[in-house]
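Residue numbers (the working numbering), protein chains in the order written: chain A, -9 to 94; chain B, 3 to 552.
Just below is one structure, and these are the notes that go with it.
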């Protein structure tokens, strides 16, 4: 979860989809996987309403573990401020065993 | 191999059916996440950084070919075509969907497998020597003891909510390949003159943020005293272990705070009380049970073969024989380790097709049996020396012929921040870069046996504390930083490595490891391994070499 010290950053609401476990973000089209389509809470703005929306989605059994993620936008592309969230946004940036086999 | 009886099979299937109902109630909203979380964790299902993760138990690392095929099927049907073998000899699936997990558990149950006690503050999967029952240096087969512990600890009502998770390891060989001194309790089994097991019991080992080497608490414990002793050891820990701080809740902290002698006195007092009470009957008949279990581990006799030397030459096959083959107790046979550490690969990962190929090879060459090692490799325990060349050719076809068992590029790496929600840095990309570089140096510099382990956080699932070269990934101001430890060992001379000093960026790590290896090559004397050289030369020399360019 975005720490207190990151509250002056823009933030997006994230969670995991209950059924698939996928990383999802809240936006105008509902919960979906693309952080670029996530609703942006401006830096320093009150977060209560967005957090309440996440809690409601948990109560409604749509997502699990909603929280705010601090993000920055560079050259039109969003990235997370915190290391953990950068990896979470990008997915495992690794070759898994399947990729290694194909590359070989 | 040990086979579950009908009672065991019925129980595992009933447990899978129970979890199917729990998942159904979660998906329909009858259970909240707070209510469901402990239920899913009891069935090995975590919610990790990107997705759910299912951890499947492989008791003491022993698999049949049929079971390995089922693991391959799960990888293909419910995951992304691969699985990850762990340092507790288990397998993890990184991408299952919640709604698919009941089907996965049903298919596991059909081959006598499950995910019970792979999470939570209970007694976890018992680990053992991957060469158990076949190693030439073995005093006594540890598998019957490991199975006895599995039966005793499975769903033990008194020990289902311990202060923290609890790990056992068992070895019966001269060489400790199970790292017993880095476990909450480690058992070293010997044979008495009549061939019955005798146990040395070590307690209070572990890694994590407070690494400790276990201490010997009891010597030459007889079989009929084993479970009563362990029962009392767990009971004292359960009652007196700290529950106020999870970082101080392991038994190693209790031992450190109470002192071994005082802990032993408390255990002895508990045993005396138990023997005079109703619990006195709890362990009657253990010797007969042990004998029944041991009888199941008697493999169908291997065809008798003439003893013959291993086929050494100067080709790639011979390189593989030198590193990946261990001595079997039966004449004409060898133990084959299959490295899951190809250069640039993800340590411990295997695809569905690779798993199926290895299952085929196990049936063709190894009496249908496979082992998982805590170093995240696989083992075929019964291979005729005459079959080694054709087995090697088959491994080449699936990319698992890397000749690096026990070498620097045989890297242990936890999933790290690529998958784990607890991690503070990535482990896998570091391992991928290092394994390519180290394979080249192994061939060029004859580095000899050594261990290099990487953990993505201080919980130390990658065993960095006890590697000759350990790497710990940390988060420093939202950037990955890697701290290096040197001189650790996990064998019978287990020792915690020395922390060197300031960490390195991910890009700096390969050159830093090169400097450590250069120092080793400069300092080593004939016949020395890395651990020997480090022990003789000391921390200061290696530290000086590590930071010379910093």
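We put the CB at the ideal spot given by N, CA and C, even for glycine.
Computed from a predicted structure; not experimentally measured.
Residue i burial status per 10 Å Cβ neighbour count (16 or more: buried)
i	result
residue 179 of chain B	buried
residue 72 of chain B	buried
residue 111 of chain B	buried
residue 246 of chain B	exposed
residue 359 of chain B	buried
residue 317 of chain B	exposed
residue 221 of chain B	exposed
residue 54 of chain A	buried
residue 87 of chain A	Unreliable placement is indicated for residue 87 of chain A, whose pLDDT of 47 sits below 50; the coordinate value is still reported in the next sentence. Residue 87 of chain A should be labelled buried.
residue 511 of chain B	buried
residue 492 of chain B	buried
residue 64 of chain A	exposed
residue 383 of chain B	buried
residue 26 of chain A	exposed
residue 485 of chain B	buried
residue 465 of chain B	buried
residue 169 of chain B	buried
Residues near residue i by beta carbon distance below 6 Å, same chain, minus five either side
i	result
residue 354 of chain B	74, 77, 78 and 83
residue 33 of chain A	-2, -1 and 0
Cut-off 7 Å between Cβ atoms - residues of its own chain near residue i, not counting five sequence neighbours on either side
i	result
residue 146 of chain B	292, 295, 296 and 299
residue 393 of chain B	338, 363, 367 and 385
residue 76 of chain A	69 and 70
residue 27 of chain B	33
residue 52 of chain A	8 and 21
Own chain partners of residue i with C-beta closer than 8 Å, once the 5 adjacent residues on each side are dropped
i	result
residue 314 of chain B	320, 323 and 324
For residue i: DSSP bridge partner residues
i	result
residue 351 of chain B	B/86
residue 168 of chain B	B/125
residue 452 of chain B	According to DSSP, residue 452 of chain B bridges with nothing at all.
residue 104 of chain A	Shown here, chain A extends from -9 to 94; a query on residue 104 of chain A therefore has no answer.
residue 500 of chain B	B/488
residue 327 of chain B	B/338
residue 481 of chain B	B/478
residue 199 of chain B	B/193
residue 154 of chain B	In DSSP, residue 154 of chain B forms no bridge with anything.
residue 54 of chain B	B/49
Short CB-CB distance (under 8 Å) between residue i and chain A
i	result
residue 22 of chain B	no
residue 567 of chain B	The structure shown does not extend to residue 567 of chain B, since chain B is modelled only from 3 through 552, so no value can be given for it.
residue 428 of chain B	yes
residue 552 of chain B	Residue placement at residue 552 of chain B is poorly supported in this model, since its pLDDT is 48, which falls under 50; the coordinates are not used for a value here.
residue 536 of chain B	no
residue 35 of chain B	yes
residue 421 of chain B	yes
residue 379 of chain B	no
residue 16 of chain B	no
residue 107 of chain B	no
residue 505 of chain B	no
residue 477 of chain B	yes
residue 1 of chain B	The structure shown has nothing for residue 1 of chain B, since chain B only spans 3 to 552.
residue 343 of chain B	no
Proximity test, Cβ basis, 8 Å: residue i and chain B
i	result
residue 10 of chain A	yes
residue 36 of chain A	no
residue 72 of chain A	yes
residue 1 of chain A	no
residue 62 of chain A	no
residue 77 of chain A	yes
residue 45 of chain A	no
residue 55 of chain A	yes
residue 59 of chain A	no
residue 17 of chain A	no
residue 81 of chain A	yes
residue 13 of chain A	yes
Terminal residues of the beta strand (DSSP E) in which residue i lies
i	result
residue 57 of chain A	53 to 64
residue -1 of chain A	That residue, residue -1 of chain A, is in no beta strand (DSSP E); it is neither H nor E in DSSP.
residue 102 of chain B	Taken as a continuous stretch (DSSP letters only), residue 102 of chain B belongs to no beta strand (DSSP E), as it is neither H nor E.
residue 9 of chain B	First-last for residue 9 of chain B: 8 to 29, but that is the alpha helix (DSSP H), not the beta strand (DSSP E).
residue 428 of chain B	No beta strand (DSSP E) contains residue 428 of chain B, which DSSP labels as neither H nor E.
residue 378 of chain B	Residue 378 of chain B -> no beta strand (DSSP E), and no H or E assigned at all.
residue 94 of chain B	93 to 95
residue 312 of chain B	Looking at the DSSP string, residue 312 of chain B is not in any beta strand (DSSP E), and its letter there is neither H nor E.
residue 220 of chain B	217 to 224
residue 67 of chain A	67 to 70
Element boundaries [alpha helix (DSSP H), containing residue i]
i	result
residue 75 of chain A	73 to 80
residue 539 of chain B	532 to 539
residue 466 of chain B	First-last for residue 466 of chain B: undefined, no H or E at that position.
residue 524 of chain B	511 to 525
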